[in-house]
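Down below is the structure, laid out as structure tokens.
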């Protein structure tokens, strides 16, 4: 992966920039020594490392605004960062850029139950929001698996999902407003406590924009009353086709489960060896289905799902009879990544989304690829929404294996696109999938996205080298080629 | 002479817009034109709208996979056709799009028009609006380029979410050609619990309590003027889902609301017809519509998106300034206000400052005479930095201001 060449002029001015940062942010908020910056050199995608030029940790919106304005005026690049849990290199530093850490924005500012929302700073963790409201019977629905550590600001930047998003939506469906700072230092508010925001849906664009458009300094999230009951089924099938059919039939019956996850045989085996919760080892696909809501509804739907699974010849069906048992069912799925980690020195987690009914075919072709590359792969799958997480097992210490793993991963993502899916369901493009964007988008598509980037960040200083495979200057993107001519209409019907 | 072009393929839309761009001839983008009264009269300085691009010829469902919860269709497909197709498979558009056409004395409307206006009905607090259900889009920008965004899968963070940006952009950024949306299973059954004779403040409080309970209320509206059947104030709570669940939640919700007024229950049919009427704001429909109800077309009709628990205070302040009638939906988050006076719309400043003083939000002038819509901001005016950003976004799609210029904001 090639990152943009660091700008020599910026690097030459480093001392001057450090001094400027000290004027904006007092004391320990500016880190410029190599040891201090080392912890920021990578994010959750640890294959890529780069020391930042400077790390700045502001505490107030005014500081963020002043830093951004200075950087805009002095052509200094900025890489925004939350907890650094990105799996796509979204927070990977650049050698000539300031890493702007929002970790000190860690307060819950307001909980407003009457309007079912909370106003929080971007450095509050995803789980921290739920912790702030759960005593009163509420929770924040999106639950990415890094929720203990990942921050809401990062969740907005990546449009994070999680196990519950089939029923409760992604981050974009669960936020009402943000406060943000544009690259020129201007502070904006989008949305608020009201539900519909008029004008262009800039909140929608900001969500999932991977830190390329602005720095988020406050988020208003929706909170929901916690469902009164939840129970899970653990269903084993002889084939992924049968498992996939079960998912289709559940949804076909009008049931939208709170969570619906599938694992393939290698993932089941690894998880069971790790946590020993009684996963069946004689099946090709294990389906976990969680129903939540009022107890009457949960019990009724458990019965319906069991009937569907029985009808499809499920090899084993277990229904949780207690909270302990429900948590046990999930323990294996939640530990899938570390469980795979025990089997292999390194693994590479992919994140494609496919139309669900193509799953058996995709798994089949993936196992062919696995043989071709000589690397094992295990699959966990957000079955309800088609989001697939293949875990490619490799050993970085063996020459050439990392390259092979990356090529294998790229082929999997191309396969996802070929069957009608996309490169990334929830981990983001970042640096990791940047060069695959043209598999999905035409040159015109990508240029229009970059024009939107230019509307926010005309000097292209925010999170450089991410998302877009080819850089274009904003002036170049704005040019228009005009073809004057006659009204083109012999072909177009008129009245 | 104004020409209406009716392309039948995306390529023809590209051709038409590329031509308009070359000529710097602004065009009106429309489907069946049922919501033409929604927005500012178009025009951009001295340039008049020369021609119209009618997308109703781009029609038909191109993909519908009920088990994948996904549907794609051409933008000009009648909304009724889409709703009929999904209903046949026991599914629905969960955001419950209202029939805005009726506010302007028409019927019908297209998928593209509904997306361009980002409509949402009573299920909004639970299910979101059109923008929450759009998965992918294909559109022709004012640069005459066909671009796509999103896809056909629910979980997708590949590139910026331009589908959401185009949703609610009133045709000012691009002409939509194809749209992919998420569909959901329709509820097996529903019922509605009515509480009579509550004043607005008590109703807003009770709606908040109901939404905060674990009863999964999927509609909470307060009708101060009652319904056709009930003359006095009525507050309505809807519960949807599987029959055993609806019955159980109905019981607990009746316990919760009991003691606040007379309680009665509407069965499935009664519930459906009540919420269709709340969704379409029947009480404020245009006089020419065949709804049997009448509104006062000459007076401004406002739609206020507000902080839900401030709704009753906002309404009492507004009514003290401009007399009129109101309907509360979204547990207070949406207020419809039909003015009885104020034909020239001068009340807009007072209405907007009342909103600003009560937690903010948006006041949209949904219906008024063309003269009023020319002089009074139809959409909530934006603070300068936001307006400047919106203008740059417009510029990025439509640098020559060819598409529906001025429909949302002057100069955009």
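Protein chains in written order, with my numbering: chain X, 1 to 495; chain F, 1001 to 1412.
Note that the Cβ used here is the ideal one computed from N, Cα and C, for glycine as well.
Straight-line Cα distance separating residue j from residue i
{"i": "residue 329 of chain X", "j": "residue 208 of chain X", "result": "31 Å"}
{"i": "residue 1176 of chain F", "j": "residue 1002 of chain F", "result": "21 Å"}
{"i": "residue 71 of chain X", "j": "residue 1172 of chain F", "result": "33 Å"}
{"i": "residue 11 of chain X", "j": "residue 206 of chain X", "result": "30 Å"}
{"i": "residue 1295 of chain F", "j": "residue 222 of chain X", "result": "Confidence at residue 1295 of chain F is low in this model, with a pLDDT of 49, below 50, so the placement of that residue should be treated as unreliable; the coordinate-derived value is given next. Computed Cα separation, rounded: 35 Å."}
{"i": "residue 290 of chain X", "j": "residue 1275 of chain F", "result": "31 Å"}
{"i": "residue 1301 of chain F", "j": "residue 1326 of chain F", "result": "10 Å"}
{"i": "residue 65 of chain X", "j": "residue 7 of chain X", "result": "23 Å"}
{"i": "residue 100 of chain X", "j": "residue 19 of chain X", "result": "16 Å"}
{"i": "residue 427 of chain X", "j": "residue 379 of chain X", "result": "16 Å"}
{"i": "residue 282 of chain X", "j": "residue 127 of chain X", "result": "35 Å"}
{"i": "residue 288 of chain X", "j": "residue 388 of chain X", "result": "15 Å"}
{"i": "residue 1346 of chain F", "j": "residue 134 of chain X", "result": "46 Å"}
{"i": "residue 1404 of chain F", "j": "residue 115 of chain X", "result": "36 Å"}
{"i": "residue 340 of chain X", "j": "residue 391 of chain X", "result": "8 Å"}
{"i": "residue 210 of chain X", "j": "residue 451 of chain X", "result": "16 Å"}
7 Å CB neighbourhood of residue i in its chain, flanking five on each side removed
{"i": "residue 1293 of chain F", "result": "For residue 1293 of chain F, the predicted model reports a pLDDT of 46, less than 50, meaning its position is unreliable; a value from the coordinates is still stated below. Counting only Cβ-Cβ distances below 7 Å, and skipping sequence neighbours, we find 1282, 1283, 1285."}
{"i": "residue 97 of chain X", "result": "52, 53, 77, 78, 79, 464"}
{"i": "residue 479 of chain X", "result": "none"}
Cut-off 8 Å between Cβ atoms - residues of its own chain near residue i, not counting five sequence neighbours on either side
{"i": "residue 1314 of chain F", "result": "1304, 1306, 1335, 1354, 1355, 1358"}
{"i": "residue 437 of chain X", "result": "423, 429, 446, 467, 468, 469"}
{"i": "residue 41 of chain X", "result": "49, 50, 51, 52, 93"}
Proximity winner among the options, relative to residue i (alpha-carbon distances)
{"i": "residue 1412 of chain F", "options": "F:1327, F:1203, F:1041, F:1207", "result": "F:1041"}
{"i": "residue 1310 of chain F", "options": "F:1300, F:1321, F:1297, F:1328", "result": "F:1328"}
{"i": "residue 35 of chain X", "options": "X:280, X:364, X:84, X:53", "result": "X:53"}
{"i": "residue 1090 of chain F", "options": "F:1362, F:1185, F:1367", "result": "F:1185"}
{"i": "residue 182 of chain X", "options": "X:459, X:469, X:482, X:478", "result": "X:459"}
{"i": "residue 1245 of chain F", "options": "X:111, X:229, X:295, X:262", "result": "X:295"}
{"i": "residue 92 of chain X", "options": "X:204, X:362, X:244, X:47", "result": "X:47"}
{"i": "residue 177 of chain X", "options": "X:303, X:33, X:203", "result": "X:203"}
{"i": "residue 1252 of chain F", "options": "F:1234, F:1214, F:1017", "result": "F:1214"}
{"i": "residue 1391 of chain F", "options": "X:355, X:172, X:380, X:455", "result": "X:455"}
{"i": "residue 1057 of chain F", "options": "F:1143, F:1047, F:1013", "result": "F:1013"}
{"i": "residue 1348 of chain F", "options": "F:1132, F:1379, F:1048", "result": "F:1379"}
{"i": "residue 343 of chain X", "options": "X:189, X:266, X:163", "result": "X:266"}
{"i": "residue 1400 of chain F", "options": "F:1352, F:1135, F:1033, F:1144", "result": "F:1144"}
{"i": "residue 284 of chain X", "options": "X:306, X:405, X:315, X:461", "result": "X:315"}
{"i": "residue 944 of chain F", "options": "X:169, X:148, X:151", "result": "The requested residue 944 of chain F is not part of the displayed model; chain F covers only 1001 to 1412."}
{"i": "residue 1363 of chain F", "options": "F:1371, F:1370, F:1352", "result": "F:1352"}
For residue i, the three-state DSSP class (helix, strand or coil)
{"i": "residue 412 of chain X", "result": "helix"}
{"i": "residue 1102 of chain F", "result": "helix"}
{"i": "residue 48 of chain X", "result": "coil"}
{"i": "residue 1303 of chain F", "result": "strand"}
{"i": "residue 186 of chain X", "result": "coil"}
{"i": "residue 80 of chain X", "result": "strand"}
{"i": "residue 329 of chain X", "result": "helix"}
{"i": "residue 200 of chain X", "result": "coil"}
{"i": "residue 1051 of chain F", "result": "strand"}
{"i": "residue 1115 of chain F", "result": "helix"}
{"i": "residue 195 of chain X", "result": "coil"}
{"i": "residue 135 of chain X", "result": "helix"}
{"i": "residue 168 of chain X", "result": "helix"}
{"i": "residue 474 of chain X", "result": "helix"}
{"i": "residue 1161 of chain F", "result": "coil"}
{"i": "residue 1338 of chain F", "result": "strand"}
{"i": "residue 437 of chain X", "result": "helix"}
Short CB-CB distance (under 8 Å) between residue i and chain C
{"i": "residue 387 of chain X", "result": "Of the protein chains in this structure, namely X and F, none is chain C."}
Same chain only: Cβ atoms within 6 Å of residue i, ignoring 5 sequence neighbours per side
{"i": "residue 153 of chain X", "result": "82, 102, 122, 216"}
{"i": "residue 298 of chain X", "result": "229, 231, 291"}
{"i": "residue 280 of chain X", "result": "236, 316"}
{"i": "residue 1101 of chain F", "result": "1034, 1107, 1108, 1109"}
{"i": "residue 1133 of chain F", "result": "1095, 1181, 1182"}
Could you name each continuous beta strand (DSSP E) segment of 3 residues or more that falls completely within the region 351-393 of chain X, going from the start of the chain to the end? 377-382
With a floor of 4 residues, list each alpha helix (DSSP H) that falls wholly inside the region 268-327 of chain X, ordered by position along the chain. 295-311
Along the chain, which unbroken stretches of the alpha helix (DSSP H) at least 4 residues long are found entirely within the region 1211-1257 of chain F? The region 1211-1257 of chain F contains, as complete alpha helix (DSSP H) runs of 4+ residues, the segments 1243-1257 (chain order).
Could you tell me which uninterrupted beta strand (DSSP E) segments, each at least 3 residues in length, are contained entirely in the region 209-247 of chain X, listed from first to last along the chain? 215-222, 229-237
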